[in-house]
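A.B. asks:
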């Protein structure tokens, strides 16, 4: 009985550590996917526009980049 409690106590922190690592990886990947979508939308806008003058740029403070309006 005592061994079971020790095993359980050891596995709970390991479980939470692994869960947090997986969550961070998913969060990072979703962030990368957002960046990819932003990039693709910029490329599409550039293809449609004949010059940069037709594109309205808005500063995006969070990422220190510019985003299309």
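Numbering (our numbering), first residue to last: 7 to 75.
Here a beta-carbon is modelled for each residue, glycine too, at the ideal position from N, C-alpha and C.
(1) Given this structure, state the Cα-to-Cα distance separating residue 53 from residue 46, to the nearest angstrom.
(2) Give the straight-line distance between the Cα atoms of residue 28 and residue 35, rounded to the nearest whole angstrom.
(3) Can you tell me whether DSSP reads residue 21 as helix, strand or coil?
C.D. replies: Checking against the coordinates, here is how it stands:
(1) Taking the CA atoms as reference points, residue 53 sits about 11 Å from residue 46.
(2) Approximately 11 Å between the Cα atoms of the pair.
(3) Correct three-state label for residue 21: helix.
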